[in-house]
Amino acid sequence: MRVKLFAGLRERAGWGERTWPHSAGLTPHQIWSQLPDPAPAHSVRVAINHSFASFETPLNPDDELAFLPPISGG
Amino acid sequence: MRVKLFAGLRERAGWGERTWPHSAGLTPHQIWSQLPDPAPAHSVRVAINHSFASFETPLNPDDELAFLPPISGG
Amino acid sequence: MNWPSCRRSVEAERREPVEATMPRLDLQLLTTTLDPLACLVAWQRQLADLPGGMPAAEAHFIGRVRGVSGQGLPLEALELEHYPAMAERRLQELAKVTAQGTAAVLVRHRIGQLRPGDVIVLVAVAADRRGPAQRCGQALLEGLKHEVPFWKREWVNGVGTWVEGNTPL
Amino acid sequence: MNWPSCRRSVEAERREPVEATMPRLDLQLLTTTLDPLACLVAWQRQLADLPGGMPAAEAHFIGRVRGVSGQGLPLEALELEHYPAMAERRLQELAKVTAQGTAAVLVRHRIGQLRPGDVIVLVAVAADRRGPAQRCGQALLEGLKHEVPFWKREWVNGVGTWVEGNTPL
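Protein chains in written order, with the numbering used here: chain A, 524 to 597; chain B, 524 to 597; chain C, 42 to 210; chain D, 42 to 210.
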């Protein structure tokens, strides 16, 4: 599956997109905790396949997961 | 002093502006009650010299008094 | 481009140096057709020379004559009566109060004879933040509807009826 | 007149017959300079052929890049990153929800590199009444600020800083 990072998160991690090995019951929370030096999770939102989702949603092998820092549009 | 009527009030009365004899302690309320067939006073506002005023304000000889039906601008 | 339908007010022509905290007010009643986007083009040109340049937030409102009367009948015309001198004075007072915390306010309000689709009112507010721009614009519009002496008369089948009050918010 | 800086969206080109209760949505992210009044001119032309003609109420909002950063320093540039596909999708969902009870919604939002004074966002709503037009415009703007994946980076003295959160309402 694909994992994406944006804006400050991307720069902090040094990458914007990676493929990630899928395993049964894998959640965004588990992936987040494996990132080196993650930002505080409460400031980050999760999107799965371009929709907001919870950190505890079970992931499918072909999902696109993204971690989103605080939005500042408009 | 001058008395003005606007919109529906003007048409109901058949005139839009009149000079009115001034007397000591004269109020808009007294003039209003002397108009033939006045509209209900609660739907009418008073302006003296282009500012909203009360029906009980004592009038001066050179005042311009106006009775205003419900406003519908914008 | 020539925008003959949007004349500038005397206030706008004067261009006196004003305090930075004093919003620039440009208010006018018009007897001729009102082209709101033409007015906004001209107004934005003036905003560019505000101290600090163009404000970050702009809120506009445009109101047009409906095609039907309050009773749902096809409208031939809308007449807008006003109390000369008092309408201008009340508009000025209203703008001064509501414009606090904004950079500039533009108001154009029609008087006289209008047709369905014609623009009755244009309100535009520029401010450093969206909140003051939006709130001032709304307060001004509500004030125009209830606190500035204008009266609408709807013409249907050759019969004129005075409108009492406004459509709900 | 030619307005090259305001391209129409695919949705606007299609012009399928739609239900009368379905607001017309015209939403687009732009990488090039956004001329808001040019966009409004083009949009109003499309509104004229709505069933019932031009709606009686129109509310607009224009947002521009400030000249100073959040820390009060002179801003060189503002960068707008977005999450492609998700930003468009969220904007569409947001517009569908907030536009209920309105006739038409126009949104233009910049992405990429912007300069102080450049327009970031244009939101315009047309409706039969002022309340729905104003409320939808405000809800859309707040949604764009908090619910559509855009991120601002301020550039000051060659150093970029990601903006976390928005200016208060």
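Note that CB positions come from ideal geometry on N, CA and C, so glycine has one too. Note that the structure is a prediction, hence the values are computed from the model and not measured.
Burial is judged here by how many other beta carbons sit within 10 angstroms of a residue's own beta carbon; D/Gly206 has fewer than 16 and is exposed. Identification of chain D residues near A/Ala536 by a Cβ-Cβ cut-off of 7 Å yields none; the smallest Cβ-Cβ distance measures about 13 Å. The beta carbon of D/Arg107 sits closer than 8 Å to the beta carbons of Leu116, Pro157 from its chain, once the five residues preceding and following it are set aside; these are given in chain order.
Think of a sphere of 7 Å around the beta carbon of D/Leu88: no beta carbon from chain C falls inside it, the nearest being about 10 Å out. Contact residues of the region 567-597 of chain B toward chain C are Ala570, His573, Ala589, Leu591, Pro592, Pro593, Ile594, Ser595, Gly596, Gly597 (C-beta to C-beta distance below 7 Å). When Cβ-Cβ separations below 8 Å define contact, B/Gly539 makes no contact with chain C.
Separation of the CB atoms of B/Ile554 and B/Val526 is rounded to 6 Å, and the pair is thereby assigned contact status at 8 Å. In terms of beta-carbon proximity, C/Asn207 lines the interface with chain B, with at least one pair separated by less than 8 Å. Looking at D/Gly153, D/Glu183, D/Trp203, D/Leu88, the one whose alpha-carbon comes closest to that of D/Ala136 is D/Glu183. Residues of the same chain with a CB within less than 6 Å of the CB of C/Thr139, apart from the 5 flanking positions on each side, are Cys177, Ala180, Leu181 in chain order. Judged by beta-carbon spacing, C/Val146 lies beyond the 8 Å limit of C/Asp90, meaning their Cβ atoms are not closer than that value. Going by C-alpha positions, C/Val148 is about 7 Å away from C/Val162. Contact fails between the region 193-209 of chain C and the region 571-591 of chain B, because fewer than three Cβ pairs, one in each stretch, are under 8 Å apart. Among the residues of the region 187-198 of chain D, those with a Cβ less than 8 Å away from any Cβ of chain A are His187, Glu188, Val189, Pro190, Phe191, Trp192, Lys193, Arg194, in the order of the chain. Within a 10 Å sphere around the beta-carbon of A/Trp538 sit fewer than 16 other beta-carbons, which makes this residue exposed.
Listed in chain order, the positions of the region 157-177 of chain C with a beta carbon within less than 8 Å of a beta carbon of chain D are Pro157, Gly158, Asp169, Arg170, Arg171, Gly172, Ala174, Gln175. About 7 Å separates the beta carbon of A/Met524 from that of A/Thr542, a gap short enough to meet the 8 Å contact definition. In the DSSP assignment, C/Gln154 falls within the unbroken beta strand (DSSP E) covering 153-155. Residues of chain D whose Cβ lies closer than 8 Å to the Cβ of C/Leu78 are, in chain order, Leu78, Leu81, Val82, Gln85. When the Cα atoms are used, C/Gly172 and B/Gln557 turn out to be separated by approximately 49 Å.
Bridge pairing for C/Trp192: C/Glu122 [DSSP].
Note on geometry: alpha-carbon atoms of D/Gln141 and B/Gly548 lie some 57 Å from one another.
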